[in-house]
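The sequence shown begins at -8 in this note's numbering and counts up by one.
Beta carbons are placed, not taken as given, at the ideal position from N, Cα and C, and that holds for glycine.
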Amino acid sequence: MNLQTKRMAGSARSRTLTSAALLMLLAAGLATPALAQSWLINPPAQLGRECAYGDCENGFGILEIRTELGTNRYEGTFQDGEFHGHGRYEIMVSRSEQAYYEGDWVMGVREGRGTYWNGVSNLYIGEWRNDLRHGRGAYFFGVQDWKPNRHSEQWLQNNVENYTGEFVDDLYQGYGTYRWPDGERYEGEFYANEKHGNGTFYYSTGTRREQYWQYGRFIR
């Protein structure tokens, strides 16, 4: 496969993978501001809430929320009954899979820095604003059997398919790097999840190619 074919194949793969990632985000309630307030498109009804420990109004506590899928659990600090400060929220996304967010909160909204695991295979570590990925972060795909602190963020960036860079309102936007499992990577500018502007494609052979894109369309 020549460099031109390989380069275009790489771009198609990145667009497909981005679409798949968006579907996973939709399933987790992270893809758009409209969905960001709930972690599921159709969240199960709450069956009951109980402060299992401490102060779940203004202080540190453990809140358990029973749903049709199981029991969600928040452990951290509260203000006026809302998650506020630092805490970990574990939420059932199916009867057997559990997602979690651990990090900073502002009145029930993810704000600051935190880690989100979707309960299946995708992991985000980075900054948040208004319940959306916003700022500097890294989004990893195909992570197997994730446990907190199992691998460093640097190890994941070098060994797992991922996008690492700037996010704006949950989208890849600004400067970033998309890395494939075979070690090939694209470093450059993104806009609304698409390559946009100048960038460099690095091949597994060690060669590189300067590129220019407009809204996901290869120009040169």
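Close-in-space but distant-in-sequence residues of the same chain around residue i (CB under 6 Å, 5 per side omitted)
i, result
"Tyr107", "Tyr92, Tyr115"
"Arg64", "Glu55, Glu81"
"Pro24", "Legend: pLDDT at Pro24 = 32, less than 50; position of this residue unreliable, no value from coordinates given."
Cβ neighbours of residue i in the same chain (closer than 8 Å, five flanking residues each side left out)
i, result
"Ala36", "Thr58, Glu59"
"Glu152", "Leu8, Phe131, Phe132, Gly133, Arg170, Trp171, Pro172"
"His125", "Glu118, Trp119, Phe158, Val159, Asp160, Asp161"
"His235", "For the chain, the structure presents residues -8 to 211; residue 235 sits outside this window and is missing."
Those residues which DSSP pairs with residue i across a bridge
i, result
"Thr191", "Glu178, Glu201"
"Asn153", "Phe131, Arg170"
"Gly165", "Phe181"
"Gly52", "Gly45, Gly67"
"Arg124", "Trp119"
Span of the beta strand (DSSP E), counted from its first residue to its last, around residue i
i, result
"Asn149", "From DSSP, Asn149 is part of no beta strand (DSSP E) but of the alpha helix (DSSP H) over 144 to 150."
"Gly76", "73 to 83"
"Val100", "100 to 108"
"Trp96", "89 to 97"
"Tyr115", "114 to 120"
"Ala43", "37 to 45"
Residues of its chain near residue i, where Cβ-Cβ distance is below 7 Å and the 5 sequence neighbours each way are ignored
i, result
"Trp204", "Lys186, His187, Gly188, Gly190, Ile210"
"Gln28", "Reliability of the predicted coordinates at Gln28 is poor, the pLDDT of 36 falling under 50, and no value is obtained from them."
"Gly105", "Tyr92, Glu93, Gly94, Asp95, Trp119"
Pair within 7 Å by beta-carbon distance, residue i and residue j
i, j, result
"Thr62", "Phe51", "no"
"Glu144", "Gly110", "no"
"Tyr182", "Gly167", "no"
"Glu48", "Gly72", "yes"
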